[in-house]
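Colleague: Encoded as C-alpha cells, here's the structure I'll be asking about.
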Amino acid sequence: MMTATRSNTRVRVPNTTPTTDHDPGGSHDGLAPKPQGRNKPEGGTYKGRRLVNCRTVTTISTLNVRTIREARSSEELAANLSLYGIDVLGIQEHRIVHEEEVRYEDINGSMLITTTASRNQAGAAVGGVGILLSSKARGSLAKVTSNTARILTASFQGNPATTIIVTYCPTNTAEEDIVTSHYEDLARTIESIPAHHLLLVVGDFNARIGSEDAKFPFHEETNRNGRQLLDLASEKDQVISSTYFARRQESSGPSSAQEAPSTSWTMC
135 MMTATRSNTR VRVPNTTPTT DHDPGGSHDG LAPKPQGRNK PEGGTYKGRR LVNCRTVTTI
195 STLNVRTIRE ARSSEELAAN LSLYGIDVLG IQEHRIVHEE EVRYEDINGS MLITTTASRN
255 QAGAAVGGVG ILLSSKARGS LAKVTSNTAR ILTASFQGNP ATTIIVTYCP TNTAEEDIVT
315 SHYEDLARTI ESIPAHHLLL VVGDFNARIG SEDAKFPFHE ETNRNGRQLL DLASEKDQVI
375 SSTYFARRQE SSGPSSAQEA PSTSWTMC
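Sequential numbering from 135 applies to the sequence shown in the numbering used here.
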C-alpha cells in the first residue's frame, strides 16, 4: 500500500497589528475602516436615479391617444402605463388646451407632461404632444423643453444622460412646405442634443416605411412622409429601430384603428 504525504508550504504571517489601549478613531479597534466606495456628491446623479442603466429594463413607448381631455381618460392611460410596465410614454394628439407652455400633472404617482394643444377654425382642440412618466422615470427627469407645437424634448439623469424627443408629424396629405418645415424643426432639435447623450426620437410620424426600405415593415410601399423620415434618419445617423424586429401578423385585415400604430416609429 502506498500512502501519499501532503506537504504544507504555507507560512504563518506574523501578527503586526499594533496593540494599544488608545484607539485614535474611537470605533475601529485599531483596524482600518472598510472602504465604502465613492462619496456621493451633493446634487449629483446616483445610480438609483438614472433612467437607463445596465441592471434594469427601461421600457419606452409611444401612442397617439386621440384625446385625453377628460380626467378618466388620463387616469386610464396612467393605469395601463403601470399595468404594462412602461416607464416613458410619448403622447400625441392629447387635445388638452392650457395657458402654460409646459404643464405638469400628477396622476396616481405617474406624471403627465404636456405642451398645449391648439384650436382650429371651428374652435375644436387639435394636436398637442406630451409625455407620461412612471414614478421611476419622473425621479430621473432633469428638464423638459417645448421646441414647437409638434415637438417636445425631455432629458433624464444618467451617465450618459438620456434625451427623448416626442413628435407629432403632419399627415401625409398635408402641404409639402408644412411637412418640410416640420422636419427641418425636428432636424434642428436633434442637432441641439449633446453628442454624448443617449437619444431616442419617438412619435406618430404619419409615415409608412415599405419593404424596399426595411426588413420588417408594416406596409409594402414607402409614402412621402416615410421618405422624409428615412432621409432624416440617414442624415442624423439614426436608425428606425421599429423596423428591426418582426411583429405578429393579424389574421384579419387591418381596420382604421389597427392601421394607426403603423405610422408610429422610434429612432435611436
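No residue lacks a Cβ here, since even glycine has one placed at the ideal position from N, Cα and C.
Which of the three DSSP states is assigned to residue 237 in this structure?
Modeller: strand
Colleague: Check residue 187 in the structure and name its three-state DSSP category.
Modeller: coil
Colleague: Would you kindly check if the distance between the Cβ of residue 259 and the Cβ of residue 231 is under 8 angstroms?
Modeller: For the 8 angstroms CB-CB criterion, residue 231 and residue 259 form a contact.
Colleague: Would you list the one or two residues that DSSP bridges to residue 253?
Modeller: 259
Colleague: Starting from residue 222, trace the alpha helix (DSSP H) in both directions and tell me its first and last residue.
Modeller: Per DSSP, residue 222 belongs to no alpha helix (DSSP H); it is in the beta strand (DSSP E), 222-226.
Colleague: Here's the rule I'm using: 16 or more other beta-carbon atoms within 10 Å means buried, otherwise exposed. How should residue 300 be labelled?
Modeller: buried
Colleague: Taking the beta carbon of residue 274 as the centre, do at least 16 other beta carbons fall within 10 Å, making it buried, or is it exposed?
Modeller: Buried: at least 16 other Cβ atoms inside 10 Å.
Colleague: Which of helix, strand or coil does DSSP assign to residue 360?
Modeller: helix
Colleague: Three-state secondary structure (DSSP) at residue 343?
Modeller: coil
Colleague: I'd like the span of the beta strand (DSSP E) that includes residue 324, first residue to last.
Modeller: Counting along the chain, residue 324 falls outside any beta strand (DSSP E), though it belongs to the alpha helix (DSSP H) covering 310-325.
Colleague: Short of 7 angstroms in beta carbon distance, which residues of its chain neighbour residue 380, apart from the five on each side in sequence? Order them along the chain.
Modeller: 350
Colleague: What is the rounded straight-line gap between the Cα of residue 322 and the Cα of residue 223?
Modeller: One C-alpha to the other measures close to 23 angstroms.
Colleague: Is residue 340 closer than 8 angstroms to residue 305 when the C-beta atoms are compared?
Modeller: yes
Colleague: Considering only their Cβ atoms, is the gap separating residue 266 from residue 205 smaller than 8 angstroms?
Modeller: No.
Colleague: Going by beta-carbon coordinates alone, are residue 236 and residue 220 separated by less than 8 angstroms?
Modeller: no
Colleague: Applying the criterion that 16 or more other CB atoms from any shown protein chain within 10 Å of the CB defines a buried residue, is residue 338 buried or exposed?
Modeller: Classification of residue 338: buried, given that the 10 Å Cβ count is 16 or more.
Colleague: Going by the beta-carbon positions, is the gap between residue 302 and residue 362 smaller than 8 angstroms?
Modeller: no
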